[in-house]
Amino acid sequence: MQAILLSREEVAQRAEKLYESRIRQEVEVEENIGKMVIIDIETGDYKVDENGLHAADLLSEKHPHARLFGIKIGYNVAAAFGGGVMERVVRDFQRIKYPTKK
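Numbering (our numbering), first residue to last: 2 to 103.
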């Protein structure tokens, strides 16, 4: 199979489309809020864990050349830097703002 070169933006778009269309309803349950879901954008396979490292390892074992993307479950960003604000996205799409640690 020939590799297709994708920009970071294209990888993110594919991952977000997979997440919104099929993965979110499976993983966005209370016990997973704040965990990371790692998505293989080529196959649609995904794994969930606390920080994404173990999930990425498991997916890489299955598909060594996988294009992986991580999403923090229940939030609109994976991390905020520089004292920013992370927003928790609730099922009815209201946003709850949490200050990040400096």
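Glycine included, C-beta positions come from ideal geometry on N, C-alpha and C.
Distance, Cα to Cα, residue i vs residue j?
i: L19; j: H64; result: 18 Å
i: M37; j: V49; result: 6 Å
i: E27; j: Y47; result: 11 Å
i: S61; j: N77; result: 25 Å
i: Q14; j: L59; result: 22 Å
i: T44; j: E32; result: 25 Å
i: I24; j: L69; result: 14 Å
i: H55; j: S22; result: 24 Å
i: E67; j: E17; result: Reading off the sequence shown, one finds Ala at residue 67, where the question assumed Glu. Distance between the alpha carbons of A67 and E17 is about 16 Å.
i: D57; j: I42; result: It is worth fixing the name first, because residue 57 is Ala in this sequence and not Asp. Computed Cα separation, rounded: 12 Å.
i: E10; j: G35; result: 23 Å
i: V30; j: E51; result: 14 Å
i: L6; j: G53; result: 24 Å
i: A81; j: V12; result: Legend: pLDDT at A81 = 45, less than 50; position of this residue unreliable, value from coordinates given subsequently. Taking the straight line from one Cα to the other gives about 20 Å.
Just checking my contact of residue i with residue j at CB under 8 Å: how many whole Å lie between their CB atoms?
i: I40; j: I72; result: 7 Å
DSSP beta-bridge partners for residue i?
i: D50; result: M37
i: Y20; result: Bridge partners of Y20: none, in fact.
i: L69; result: D41
Does DSSP put residue i in a helix, a strand or coil?
i: L59; result: helix
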